[in-house]
Amino acid sequence: MSTLSEALIAITTHPPQRREGDRDALTRMIAVLLEEAGVSDVAGAIDAIHDASLTGARAIADASTIDFLNVLRSSAPRIPPRVAATIKHLGQWVADFEDGQAERLDEPGRSTQSLRDGLASIKGVGRRTADALVLHALARPAFPLDRGTYRILVRHGWLDVTADYDEAHDLVVHAAGGSPDALAAAEQTFTDVARRHCRVQAPRCAGCPLEPFLPEGGALEIDG
Numbered sequence: 001m002s003t004l005s006e007a008l009i010a011i012t013t014h015p016p017q018r019r020e021g022d023r024d025a026l027t028r029m030i031a032v033l034l035e036e037a038g039v040s041d042v043a044g045a046i047d048a049i050h051d052a053s054l055t056g057a058r059a060i061a062d063a064s065t066i067d068f069l070n071v072l073r074s075s076a077p078r079i080p081p082r083v084a085a086t087i088k089h090l091g092q093w094v095a096d097f098e099d100g101q102a103e104r105l106d107e108p109g110r111s112t113q114s115l116r117d118g119l120a121s122i123k124g125v126g127r128r129t130a131d132a133l134v135l136h137a138l139a140r141p142a143f144p145l146d147r148g149t150y151r152i153l154v155r156h157g158w159l160d161v162t163a164d165y166d167e168a169h170d171l172v173v174h175a176a177g178g179s180p181d182a183l184a185a186a187e188q189t190f191t192d193v194a195r196r197h198c199r200v201q202a203p204r205c206a207g208c209p210l211e212p213f214l215p216e217g218g219a220l221e222i223d224g
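Once you know that position 87 of the sequence shown is 87 in the working numbering, the rest is easy, because the numbers rise by one and skip nothing.
As structure tokens, then:
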């Protein structure tokens, strides 16, 4: 059976373009939260935040939720209130634990695991979103595992169905050699494969880029 590392080397292409290097860490993390919420004009929402002088962790934390939501809705009218609340919680976390200095999150001496744990503790974030923040905003080796990726890993025999989130996360990070670029590209590929081929009820393996890496006999069944 082919290994996950072999499959990643074969199927991943170019990683998604990284965010502008002149953005500070807090702005990059806010951008990730907006993208995770499906906001189409992320740049417009970021500009609206800056135009409202909400450019620091403490300013965001101290703003009322309704006022902050109205700022976001000036460019993203359908954004849910929970997104504004989560961004405010992020600002509060940076204010409380990083003394308001988000740039400390970019320090190379910081442990990736401590960043994952700290961000996951923020109300409204959780494990998967924390890993998206660590990977896409902080360019650290993490993988935001979703149900689609989990199905792919199990059906190809790379992951046991009883594995928990951290076991699956560590498997992918190791297979990608700990490269943030490779992990970002893998996430993009897995998302596309899950949507087009590896569906919940019946996988459509024919034509899938991962078809050559199926175990002998085809995709494994997922009980339940």
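Even glycine gets a Cβ: it sits at the ideal position worked out from N, Cα and C. Computed from a predicted model, the values in this text were never measured in an experiment.
| query | result |
| --- | --- |
| For I122, tell me which candidate among I79, V83, P215 has the shortest Cα-Cα distance. | V83 |
| Scan the stretch 82-123 and note each continuous alpha helix (DSSP H) run of 4 residues or more that stays entirely inside, going in chain order. | 112-120 |
| Given this structure, state the Cα-to-Cα distance separating A45 from S75, to the nearest angstrom. | 5 Å |
| Would you check if there are 3 or more beta carbon pairs closer than 8 Å linking the stretch 169-184 to the stretch 140-158? | yes |
| CA-CA distance, I222 and V161? | 7 Å |
| Using 8 Å for Cβ pairs, my map puts A194 next to T129. What's the rounded Cβ distance? | That belief does not hold up - the Cβ atoms of A194 and T129 are roughly 18 Å apart, past 8 Å. |
| What's the C-alpha gap between L72 and A48? | 7 Å |
| Considering Cα atoms alone, identify which of K88, G56, D96 is closest to S64. | K88 |
| Terminal residues of the continuous alpha helix (DSSP H) containing V39? | Unbroken run through V39: none, as it is neither H nor E. |
| Whose CA, out of G178, A25, R127, lies closest to the CA of D258? | Given that the chain is displayed from residue 1 to residue 224, the structure contains no residue 258 and the question cannot be resolved. |
| Would you kindly report the start and end of the unbroken alpha helix (DSSP H) that includes G217? | Careful: G217 lies outside any alpha helix (DSSP H) and carries neither H nor E. |
| Mark H136 as exposed unless 16 or more other C-beta atoms lie within 10 angstroms of its C-beta, in which case mark it buried. | buried |
| For V200, count neighbouring Cβ atoms within 10 angstroms of its own Cβ and tell me buried if that reaches 16, exposed if not. | exposed |
| Measuring only the C-alpha atoms, how far is A206 from L90? | 43 Å |
| Does the Cβ of H197 have 16 or more other Cβ atoms within 10 Å, making it buried, or fewer, making it exposed? | buried |
| With distances taken between CB atoms, is the gap from P144 to A132 smaller than 7 Å? | yes |
| I'd like the span of the alpha helix (DSSP H) that includes A63, first residue to last. | Here A63 belongs to no alpha helix (DSSP H), and DSSP marks it neither H nor E. |
| Count the other CB atoms within 10 Å of the CB of A202; is the residue buried (16 or more) or exposed (fewer)? | exposed |
| For S2 and F213, I'd like the C-alpha separation in whole angstroms. | 6 Å |
| Could you check whether E103 and A25 sit closer than 7 Å to each other, using their CB atoms as the reference points? | yes |
| Specify the secondary structure class of M29 as computed by DSSP and reduced to three states. | helix |
| Report the start-end ranges of each beta strand (DSSP E) in the stretch 169-222 that is 3 residues or longer and not cut off at the edges. | none |
| When you compare only the Cα positions, how much space is there between L34 and V42? | 6 Å |
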